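Participant:
In the working numbering, the protein residues as written are 129 to 219.
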């Protein structure tokens, strides 16, 4: 399926590290990474659900994530170092 087809949400594979665990999970393009982790039965630290509090602050080791500017709650100092907030909505 072409990623350019409009009206379709895509499911990607993500590898997440929580404590000593390393899990491969499915993550849909229309949901936050936090939602995908919770659907996979993981219990990552989170509080606000919008990226504002920083409790879920995580390091993106590789790959890309799309974070719309209007919902990006990261500190400016975190952006160049690859930190993300998995609770931030993808849209």
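Note that the Cβ used here is the ideal one computed from N, Cα and C, for glycine as well.
All of these numbers come straight from a predicted model, not from anything done at the bench.
My output table needs one value for residue 164: the three-state DSSP class, helix, strand or coil.
Facilitator: Sequence index remark: in the chain shown, residue 164 carries index 36 (1-based). Helix, per DSSP.
Participant: Using a Cβ-Cβ cutoff of less than 7 Å, which residues in the same chain neighbour residue 162 once the five nearest sequence positions on both sides are dropped?
Facilitator: Numbered from its first residue, the chain shown carries residue 162 at position 34. Same-chain partners within the cutoff: 172, 174, 184, 214, 215.
Participant: Checking 8 Å against the spacing of the C-beta atoms, do residue 217 and residue 160 come in under that value?
Facilitator: If you number the chain shown from 1, residue 217 lands on position 89. If you number the chain shown from 1, residue 160 lands on position 32. Yes, these two residues count as a Cβ contact at 8 Å.
Participant: For residue 155, tell me which candidate among 181, 176, 210, 169 has the shortest Cα-Cα distance.
Facilitator: Counting from 1 along the chain shown, the entry for residue 155 is found at position 27. Cα-wise, what sits closest to residue 155 is 169.
Participant: Do you know whose CA, among 164, 149, 144, lies nearest residue 138's CA?
Facilitator: Looking up residue 138 in the chain shown gives position 10. Across the set 164, 149, 144, the C-alpha of 164 shows the shortest separation from the C-alpha of residue 138.
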